[in-house]
Amino acid sequence: MRQTELFTKTRKEAPKDEVARNAELLIRAGYVYKEMAGVYAYLPLGLRVIENIVGIIREEMDAIGGVEVSLTALQDKKTWERTGRWSDDVVDNWFKTKLKSGAEAGLGFTHEEPLTALMKDFIHSYRDLPRYVYQFQTKFRNEDRAKSGIMRAREFLMKDLYSFSLDAKAHEHFYEKAKQAYVNIFSRVGLGDRTYVTFASGGSFSKYSHEFQTVTDAGEDTIYVHEKKKIAINKEVMTDEVLADLGVTRADLIEKRAVEVGNIFSLGTRFSDAFELAYVDEKGEKKPVIMGSYGIGPGRVMGTIVETLSDENGIVWPKAVAPFKAHLIVLDSKDADATGRNPARKEAERLYAALATQGIEVLYDDREARPGEKFADADLMGMPYRIVVSDKTLASGGYEVKHRATGKTEQLAEKALIDRLGK
Ligand code: ATP
Ligand code: MG
399 MRQTELFTKT
409 RKEAPKDEVA
419 RNAELLIRAG
429 YVYKEMAGVY
439 AYLPLGLRVI
449 ENIVGIIREE
459 MDAIGGVEVS
469 LTALQDKKTW
479 ERTGRWSDDV
489 VDNWFKTKLK
499 SGAEAGLGFT
509 HEEPLTALMK
519 DFIHSYRDLP
529 RYVYQFQTKF
539 RNEDRAKSGI
549 MRAREFLMKD
559 LYSFSLDAKA
569 HEHFYEKAKQ
579 AYVNIFSRVG
589 LGDRTYVTFA
599 SGGSFSKYSH
609 EFQTVTDAGE
619 DTIYVHEKKK
629 IAINKEVMTD
639 EVLADLGVTR
649 ADLIEKRAVE
659 VGNIFSLGTR
669 FSDAFELAYV
679 DEKGEKKPVI
689 MGSYGIGPGR
699 VMGTIVETLS
709 DENGIVWPKA
719 VAPFKAHLIV
729 LDSKDADATG
739 RNPARKEAER
749 LYAALATQGI
759 EVLYDDREAR
769 PGEKFADADL
779 MGMPYRIVVS
789 DKTLASGGYE
799 VKHRATGKTE
809 QLAEKALIDR
819 LGK
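Heads up, my numbering is the position in the sequence shown plus 398, with the first residue counted as 1.
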């Protein structure tokens with residue numbers, strides 16, 4: 399993509415009311431636009447990051463047998479009354495609205511109820527199980543704290559998968575597979591080093607649920623990390639009993655701030671009972687379906703990456719989620735003139751086209767701007783590599799390639815450059 403075609407521009411300052419580092423950087427670099435507190439639009443670069451994260455999650459969900467759907471944001475009050483979750487005393491973050499008829503409807507904050515109701519049409523016999531159904535969908539939550547930028551939004555994308563299993567044993571088996579898929583996801587998006595499988599409150603059907611907590615001071619949770627075992631305990635459940643269950647001692651744990659980037663939960667028969675979602679087994683007996691739910695917020699993941707990996711100059715994207723592999727910068731030739739003589743630009747155009755034919759997408763800074771401005775923008779926007787084409791690099795017969803994460807610079811010929819970016 400040519401930067402002259404990208405309508406967004408970098409800015410020196412974030413809005414005054416923005417307190418979160420992730421939103422401040424993302425707004426300044428042109429990834430998101432703040433509509434109002436806790437509500438963010440995704441701009442072209444931001445959308446590419448979200449789509450990369452979504453792509454990774456989708457691959458991992460498909461690999462464990464997930465099948466994708468898209469449920470509705472607008473929700474029927476009647477469905478939610480069946481579990482008691484329509485009540486504002488039970489759920490304190492509903493956005494509710496009225497239809498022309500005067501009937502109430504809600505904007506979904508999660509989708510256990512509507513999906514369980516829907517699956518009743520399709521699950522009747524043991525042959526219809528197991529089923530693993532997921533979606534990427536906008537959720538609405540009237541969060542009272544909206545101080546964490548895109549990490550805690552009032553409108554946000556969520557991947558939510560729901561499992562429907564024959565019995566507790568089959569559920570446990572899938573639950574472990576889903577846990578491993580989550581480990582893979584956080585490793586692939588570049589958060590593996592600092593993300594811990596965290597024991598959290600389990601509700602009425604299992605002793606624990608598992609949160610995926612990424613260590614960052616920007617998080618709102620407190621966890622106790624066991625570095626050797628690569629697990630953690632949420633402060634909310636930290637007791638002697640939990641320590642004993644996990645075979646760890648308090649002295650081995652370090653208290654840390656963290657953000658919940660994902661969450662997996664055994665639901666037992668809570669929802670299948672409420673909606674009478676049952677099946678007939680091989681012996682003709684009626685049995686309840688055992689359910690689980692598995693959530694991840696791609697926007698929260700994106701915000702967490704910015705919080706944990708950025709530096710004083712700006713964002714540092716891991717390769718797998720970066721909007722572009724590299725930022726190609728042309729510094730116009732000194733003797734560029736009106737007749738179009740401009741060897742550096744000519745070479746940059748040629749390289750841009752050559753990379754495209756190799757399937758390597760770069761952001762090409764083809765603006766007529768000062769070198770300092772281009773370099774500062776490249777640092778702020780955070781592509782993994784910065785490639786400079788200038789009179790100097792033309793004379794040296796290679797390209798100057800700077801690695802954003804380490805700051806290391808090298809001279810690479812075209813072939814080596816393609817190898818580096820293609821990997
Ligand atoms: P929290 O405890 O942080 O409020 P939660 O436990 O309510 O989150 P879930 O209902 O389990 O979250 O949602 C699944 C996932 O959706 C979370 O792990 C997180 O990644 C994401 N998520 C939840 N709330 C938000 C939000 N307000 N903005 C962005 N992502 C969110
Ligand atoms: Mg939570």
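By construction, the Cβ of each residue, glycine as well, lies at the ideal position given by its N, Cα and C atoms.
Here the stretch 723–730 does not lie against the stretch 681–695, with fewer than 3 beta-carbon pairs under 8 Å apart.
Using a Cβ distance threshold of 8 Å, Ala656 and Asp619 count as a contacting pair. Sequence-distant Cβ neighbours of Asp763 in its own chain, meaning closer than 8 Å and more than five residues away, are Gln401, His725, Leu726, Ile727, Val728, Lys772, Asp775, Ala776. For Ile454, the shortest C-beta to heavy atom distance toward ligand 1 is 7 Å or greater. The DSSP-derived three-state label of Phe669 is helix. Between the stretch 588–603 and the stretch 546–554, the count of C-beta pairs closer than 8 Å stays below three; the two stretches do not touch. In the three-state scheme derived from DSSP, where H, G and I count as helix and E and B as strand, Ser561 is classed as strand. For Thr620, DSSP records a beta bridge to Arg655. When C-alpha distances from Met636 are compared across Gly796, Ala503, Ile621, Leu792, the shortest belongs to Ile621. Excluding five sequence positions before and after Glu416, the CB atoms of its chain that fall closer than 6 Å to its own CB belong to Glu422, given in chain order. Its Cα nearest to that of Thr667, the residue Tyr560 stands out among Tyr560, Gly590, Glu747, Trp715. For the 8 Å CB-CB criterion, Met459 and Ala579 form a contact. In this chain, His608 is not harboured by any alpha helix (DSSP H); it is covered by the beta strand (DSSP E) spanning 606–613.
For the set Gln533, Pro769, Ala568, the Cα lying nearest the Cα of Val465 is the one of Gln533.
For Gly780, there is no enclosing alpha helix (DSSP H), as DSSP marks it with neither H nor E. Note on Thr706: 16 or more other CB atoms within 10 angstroms of its CB, so buried under the neighbour-count rule. The beta carbons of Gly712 and Gly780 sit closer together than 8 Å.
Under the rule that a run must span 3 or more residues, the beta strand (DSSP E) segments found entirely inside the stretch 430–472 read 430–434, 437–440. For Thr596, the enclosing beta strand (DSSP E) stretches over residues 593–599.
Its Cα nearest to that of Lys475, the residue Pro512 stands out among Pro512, Arg802, Ser794, Ile448.
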